[in-house]
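Going left to right, the sequence shown walks through residues 39 to 269 as this note's numbering numbers them.
For every residue, glycine included, the Cβ atom is placed at its ideal position computed from N, Cα and C.
Just so we're clear, the structure is a prediction, and the values are computed from it rather than from any experiment.
The structure appears below as structure tokens.
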Amino acid sequence: MRIDIVTALPGLVAGPLEHSILRRAAQKGLVDVRVHDLRDYTTDRHRQVDDYPFGGGAGMVLKPEPIFACIEAIQQEAEAAGAPVDEVIYLTPDGEVFDQEMANRLSLRRHLVLLAGHYKGVDQRVRDALITREVSIGDYVLSGGELPALVLVDAIVRLLPGVLGDATSALSDSFQDRLLDAPVYTRPAEFRGMTVPDVLRSGDHPRIEAWRDAERLKKTRERRPDLLSRP
Ligand code: ADE
């Protein structure tokens, strides 16, 4: 899978890609994540990526020219390489809310472009002409789309076959079957007087699975009953 992140703040997204699961997925060749600096697609002396909004108001708006130049360059290169861009996603609080089902669906695509906006957003013509899907990571406003873009990358890449060691572990996550996870424990078996449930040390795997199922259901009823009543 290939993912291109388009941003005016490349430094904000670089770090997380260099650690843990995302780094290993890239090293194994399972995903190729590239970060593009919009400033590299400007043509003026000041390398200006944003400007004042027409009609006035607070905040700056990302200019259309560098975004069109960057995304069209990615699209042309991808088409020439035989792996065309499947979706151009804009991260914005007014988009469709991201969830596990969307992560699952996006993980089946071959090539995604993620555009991170600024606080005031991007020129509407970008959204009208280039964007195929607008996505929010939740009902709160962040200062830009960079962290949301990383949220999508993380949620999608960990689903790719071969990324997680244990082939079943992504499927047993919270939300994959609309249930929250059961409690987990590791050694020591007793810590400050707190003990691990006996069943987990019994070696009786059918009983352990039954315990986990019951715990998952109990936790979901207590914390997220809405997950159980969704159609
Ligand atoms: N940009 C700013 N806030 C955001 C959010 N909640 N989701 C996606 N992009 C955003």
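| Asked | Found |
| --- | --- |
| Reduced DSSP category for M140 - H, G, I as helix; E, B as strand; rest coil | helix |
| Closest residue to P199 among D251, R148, V234, L217 (Cα-Cα distance) | R148 |
| CB of V72 within 8 Å of CB of V87, strictly | The identity of residue 72 in the sequence shown is Arg, whereas the question assumes Val. Taking 8 Å as the Cβ cut-off, R72 and V87 do not qualify as a contacting pair. |
| Other residues of its chain near L218: CB distance less than 8 Å, five sequence neighbours each side excluded | S212, R254, K257, T258, R261, R262, L265 |
| DSSP three-state assignment for F106, whether helix, strand or coil | helix |
| Beta-carbon spacing of V234, W249 below 8 Å | no |
| Continuous beta strand (DSSP E) assignments of at least 3 residues falling wholly in the stretch 140 to 228 | 149 to 154, 171 to 174 |
| V179 beta carbon near ligand 2 (any heavy atom closer than 7 Å) | Summarising the ligand content, the structure contains ligand 1 and does not contain ligand 2. |
| Check whether S145 and I109 have beta carbons under 8 Å apart | no |
| I175: CB within 7 Å of a non-hydrogen atom of ligand 1 | yes |
| Cα-Cα separation between I175 and M140, rounded to whole angstroms | 11 Å |
| Straight-line gap, L106 to L185 (C-alpha atoms, nearest Å) | A small correction: the amino acid at residue 106 is Phe; Leu does not occupy that position in the sequence shown. Each residue's alpha carbon lies about 22 Å from the other. |
| G97: CB within 7 Å of a non-hydrogen atom of ligand 1 | no |
| Span of the beta strand (DSSP E), counted from its first residue to its last, around T81 | Element bounds for T81: n/a, residue is neither H nor E. |
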